[in-house]
Amino acid sequence: MNGLHDMGGQHGYGPVLPEKDEPIFHGAWEARALALTLAMGAHGKWSIDMSRFARECLSPQALVNETYYARWIAALIDLMLAHDLITEAELASGEPETVTTPPLKARDVADVLAKGGPTERAEPRAPRFAPGDRVRTRNLNPEGHTRLPRYARGKSGEVVLYHGAHVFADESAKGLGAGAEPLYAVRFSARDLWGEKANPRDTVTLDMWEPYLEQE
15 MNGLHDMGGQ
25 HGYGPVLPEK
35 DEPIFHGAWE
45 ARALALTLAM
55 GAHGKWSIDM
65 SRFARECLSP
75 QALVNETYYA
85 RWIAALIDLM
95 LAHDLITEAE
105 LASGEPETVT
115 TPPLKARDVA
125 DVLAKGGPTE
135 RAEPRAPRFA
145 PGDRVRTRNL
155 NPEGHTRLPR
165 YARGKSGEVV
175 LYHGAHVFAD
185 ESAKGLGAGA
195 EPLYAVRFSA
205 RDLWGEKANP
215 RDTVTLDMWE
225 PYLEQE
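According to our numbering, the stretch in the sequence shown is residues 15 to 230, in order.
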């Protein structure tokens, strides 16, 4: 989906200013936002890619003005409403009509976080490309979630690494299961991405699923 969430390579938003000695959480509510997201995700109603897409679907105002974890909570509410885990009445009152216990227990949280969400799968077919191949990204403008950023569409690059097959995020975000596609690291010249004012020595390496790529 083309939206304000895909800000990479765009002008006009100012420099990135990392916060010195930034804490993990800026307030207790942020830790609680993460905990709620983990607890509700454990119901298995949506994938991590569906969760990302829910954040991308927030209004442009929310994407620009809200903080990181505020966007998490807003998207989580949308997911919970869509999957009947809360009602509009409960949201309005702040009081539950029924009490359910999420399947993720407190004692299991550390193990779940340590495990992460592995996405590697068996290869559905032989990979089409190999390191050293020249490829061009497709000029896609999908309505749903995609991990192909706008600034890298229709650009030429070189495959530098084959990662194996991984869950294809574009399909996973639609709730279509965990189908896998070959995944590659593709290196692009900064000048090919952003023009002659870019440093000729700079490159950008992006992970690209095979459906994003064409033989050059």
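Think of the CB as a built atom: it goes at the ideal place given N, C-alpha and C, for glycine as much as any other residue.
| Asked | Found |
| --- | --- |
| Ordered along the chain, which non-local residues of its own chain (more than five positions away) have a Cβ less than 6 Å from that of LEU93? | TRP60, ALA68 |
| Are there 16 or more other CB atoms within 10 angstroms of the CB of LEU220, so buried, or fewer, so exposed? | buried |
| Do you know offhand how far PRO163's Cα is from LEU90's? | 24 Å |
| Could you tell me which residues DSSP puts in a beta bridge with GLU134? | HIS180 |
| Kindly confirm or deny that the region 23-36 and the region 106-126 touch, where touching means at least three C-beta pairs closer than 8 Å. | no |
| Looking at the unbroken alpha helix (DSSP H) that takes in GLN75, where does it start and where does it end? | 74-79 |
| Which residues share a DSSP beta bridge with TRP223? | LEU197 |
| May I ask you to list the residues that DSSP assigns as paired with THR217? | SER203 |
| Report yes if the CB atom of PRO110 is closer than 8 Å to the CB atom of GLU104, and no otherwise. | yes |
| Since THR160 and ASP184 should fall inside the 8 Å C-beta cutoff, what is the C-beta to C-beta distance between them, to a whole number of angstroms? | 5 Å |
| Could you have a look at ARG66 and say whether DSSP puts it in helix, strand or coil? | helix |
| How is the alpha helix (DSSP H) around ARG46 delimited, first residue to last? | 42-55 |
| Helix, strand or coil for VAL126 per DSSP? | helix |
| Determine the burial state of LYS171: buried for a count of at least 16 other Cβ atoms within 10 Å of its Cβ, exposed for fewer. | In the sequence on display, residue 171 carries Gly and not Lys. Under this definition GLY171 is a buried residue. |
| Would you say LEU72 and ARG85 are within 8 Å of each other, going by their C-beta atoms? | yes |
| Establish whether the CB of VAL126 and some CB of chain C are separated by less than 8 Å. | Of the chains in the structure shown, none is chain C; there is only one protein chain. |
| Keeping to the same chain, check which residues put their C-beta closer than 8 Å to that of LEU207; ignore five residues upstream and five downstream. | GLY23, TYR165, ALA166, LYS169, VAL218 |
| Counting pairs of Cβ atoms below 8 Å between the region 189-204 and the region 138-154, do you hit three or more? | yes |
| In terms of residue numbering, what span does the beta strand (DSSP E) encompassing ARG85 cover? | First-last for ARG85: 82-96, but that is the alpha helix (DSSP H), not the beta strand (DSSP E). |
| The alpha helix (DSSP H) with ALA166 in it runs from where to where? | Unbroken run through ALA166: none, as it is neither H nor E. |
| Apart from the five residues just before and just after ALA47, which ones in its own chain have a Cβ nearer than 6 Å to its Cβ? | TYR83, TRP86, ILE87 |
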